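Numbering (my numbering), first residue to last: 28 to 264.
Even for Gly, the Cβ is constructed at its ideal location relative to N, Cα and C.
Keep in mind the model is a prediction, meaning the values are calculated, not measured.
To keep things clear, I will list the structure first and then write my remarks on it.
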């Protein structure tokens with residue numbers, strides 16, 4: 028019997044004011060991947076069921092990783108969220124008396140440097156020894172990653188790998204409409220089409236653009252093409 032009474036913990040280097048959950052994640056062609064992430068309970072599926080979600084930049088990987096964190100944290104799982112661009116793994120201490128899951132977003136940023144990869148290898152060995160699942164995102168399939176350590180490449184080759192598919196136009200339209208509603212923006216079809224035409228696949232820029240619009244426009248006020256151009260210009264500077 029697993030004791031669920033330990034404190035829940037979420038180590039995040041992100042702004043929790045922006046809620047990224049499965050509820051506001053547009054699944055599109057990723058229903059199998061989302062289903063797998065929801066069904067593989069970290070207490071029941073250990074290191075052997077580690078997962079790598081990969082796709083080119085700006086396809087929603089970070090949203091998916093954070094949604095995964097939020098989903099399992101709500102169910103009492105201790106989640107350790109890491110982001111490849113700004114951390115030292117030496118700062119992460121795994122308590123052998125607590126079950127958890129490691130989520131490493133944009134792990135490709137951490138690769139190519141032997142010292143950093145040695146830190147990552149040490150973390151994976153700890154996960155293996157304690158049977159802790161490791162879930163990560165990358166901009167390429169594990170077989171295409173630029174590893175400095177062969178041992179690390181071998182370990183990643185054993186992960187379950189899923190490609191995160193880009194949203195189709197209608198799915199992207201629905202995402203912008205849903206996100207706009209959450210931010211209090213009134214977006215017509217013409218305005219959504221302008222956003223998609225300017226940033227057809229860049230999810231990160233689309234979200235940033237909409238945040239900028241929400242700061243410029245009064246809630247309920249209809250957004251114009253000029254508003255979008257002005258917000259885009261601000262993001263470019």
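Residue i burial status per 10 Å Cβ neighbour count (16 or more: buried)
i, result
"residue 152", "exposed"
"residue 197", "exposed"
"residue 142", "exposed"
"residue 46", "exposed"
"residue 256", "exposed"
Reduced DSSP secondary structure (H/G/I, E/B, other) of residue i
i, result
"residue 95", "helix"
"residue 47", "coil"
"residue 132", "strand"
"residue 241", "helix"
"residue 205", "helix"
"residue 60", "helix"
"residue 123", "Reliability fails at residue 123, whose pLDDT of 49 lies under 50, so the model's placement of it is uncertain and the value that follows must be treated cautiously. Residue state, collapsed to three classes: coil."
"residue 251", "coil"
"residue 109", "strand"
"residue 234", "helix"
Same chain, Cβ closer than 7 Å to residue i, neighbours up to 5 away in sequence not counted
i, result
"residue 95", "64, 130, 162"
"residue 254", "240, 243, 244"
"residue 134", "111, 163, 164, 165"
"residue 169", "79, 183, 184, 186, 188"
"residue 140", "175"
Own chain residues within Cβ distance below 8 Å of residue i, not counting five before or after
i, result
"residue 98", "48, 49, 64, 65"
"residue 178", "148"
"residue 160", "67, 69, 72, 73, 74, 76, 77, 78, 128, 129, 154"
"residue 210", "237, 238, 240, 241"
"residue 52", "61, 87, 90, 91, 94"
Proximity to residue i [Cα-Cα], best of the options
i, options, result
"residue 231", "104, 249, 259, 170", "259"
"residue 61", "68, 91, 202, 83", "91"
"residue 103", "175, 55, 68", "68"
"residue 59", "251, 74, 191", "191"
"residue 252", "214, 262, 235", "214"
"residue 248", "208, 160, 172, 262", "208"
"residue 172", "158, 137, 156", "137"
"residue 84", "51, 193, 144", "193"
"residue 86", "158, 146, 167, 156", "167"
"residue 55", "107, 220, 200, 146", "200"
"residue 82", "144, 57, 146", "57"
"residue 195", "156, 180, 220", "220"
6 Å Cβ shell around residue i - same chain, five flanking residues per side excluded
i, result
"residue 182", "151"
"residue 218", "250"
"residue 206", "237"
Write down every uninterrupted run of the alpha helix (DSSP H) in the stretch 147-192 whose length is 4 residues or greater and which is fully enclosed by it, in chain order.
177-184
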